[in-house]
Amino acid sequence: MSAEKVAIVTAAGKGMGGAIAQELASSGYRVALMSPSGSAAKLAEELGGFGLSGSVTEDADIDRLVRETLNKYGRIDAVVNNTGHPPKGDLLTLTDDQWRSGLDIILLNVIRMLRRVTPVFESQGGGAVVNISSFAADSPLQIMPVSSTLRAGLSAFTHLYAERYAAKNIRINSVLPGYVDSWEDAPKEFVAGLPAGRLGTVEEIAKTVAFLLSEGAGYITGQNIRVDGALVRAL
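Following this note's numbering, the numbering of the sequence shown begins with 68 at its first residue and continues without gaps.
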């Protein structure tokens, strides 16, 4: 792969986002990272890229990330839309503001990012996007109603975007992780009860993302791919 390729990764200071940034940098990408704290900027410096502090819930921060990436590198080849966790609570007692917060965190951030990078992809003749979602998109949980509902919406948006831009060599997929080792205090008895008998690793998620961004996945688009160790019982 050409070392000139450039990837944006959001929420990239630690956990899955940090692992994805490291995997892409080791694969030859120049990385542009963002997170609310200074951790993404610090990691970007270590990886020879650049980073800034900002939130995916703020349209101005997304705009600044895209503009500064283009100013620095002149192109964007890949985007990984990673994010934080939406509010949890009871299905009908969550407030309107909590649901709106989830909309910003899970879905609108992706739409805002793609409004800006899609014209770049079109002018370059292609590009690739991976959204980091959750198994809850396919297997809704009562304890995660906001995440379950809106990540299902992200799955639908992923397919709609893929269908519209496939002929322009622009691909998009969503990765739906199960429980991974960024959950540091996961109860041992819970982990033992998982089908695989262990948590997934952030590195496994990162390698999946790197593949989906690669030329080897050139005919994979519009998919919502579970990486969950057989957690979800669905066909």
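Glycine is no exception: its CB is placed at the ideal position from the N, C-alpha and C atoms.
Checklist entry - Under three-state DSSP, which class holds D157? => result D157 falls in the coil class under three-state DSSP.
Next on the checklist: On the DSSP bridge list, what partners appear for A195?
Outcome noted: Answer by DSSP bridge pairing, in chain order: A145, R238.
Item to check | Cβ-based neighbour list, G267, same chain, cut-off 8 Å, excluding 5 preceding and 5 following | outcome: Taken in chain order, the residues that qualify are P244, G245, Y246, V247, D248, V294, D295, G296.
Item to check | Expected contact under 8 Å - CB spacing of S122 and D128 to nearest Å | outcome: Contact holds; Cβ gap of about 5 Å.
Next on the checklist: In chain order, what are the residue ranges of uninterrupted alpha helix (DSSP H) at least 4 long that sit wholly in the stretch 211 to 274?
Outcome noted: List check, alpha helix (DSSP H) in window: 212 to 232, 255 to 259.
Item to check | A284 versus H152: straight-line alpha-carbon distance, rounded | outcome: Taking C-alpha positions only, A284 is separated from H152 by approximately 28 Å.
Item to check | Span of the beta strand (DSSP E) around V294 | outcome: Looking at the DSSP string, the run of the beta strand (DSSP E) that includes V294 is 291 to 294.
Checklist entry - DSSP state of L208, grouped into three classes? => result DSSP, reduced to helix, strand and coil, places L208 outside both helices and strands of the structure shown, so it counts as coil.
Checklist entry - Secondary structure at S102, three-state DSSP: helix, strand or coil? => result DSSP places S102 in strand when its eight states are reduced to three.
Item to check | Whole-number beta carbon distance between L137 and M101, since they are thought to touch under 8 Å | outcome: Not quite, the Cβ-Cβ distance comes to about 14 Å (not below 8 Å), so this is no contact.
Item to check | Own chain, CB closer than 7 Å to A263, minus 5 neighbours either side, in chain order | outcome: Excluding positions up to five away in sequence, the list reads G296, A297.
Checklist entry - Between the C-alpha atoms of K255 and P186, what's the straight-line distance to the nearest angstrom? => result When only Cα atoms are considered, K255 and P186 end up about 47 Å apart.
Checklist entry - Taking C-beta to C-beta, are E79 and N176 nearer than 8 Å? => result The sequence given here has Ala at residue 79, not Glu. Inclusion of A79 and N176 in the CB contact set at 8 Å is not warranted, their separation being larger than that value.
Checklist entry - Should L221 and S241 be called a contact, given that it needs their Cβ atoms to be closer than 8 Å? => result Taking 8 Å as the Cβ cut-off, L221 and S241 qualify as a contacting pair.
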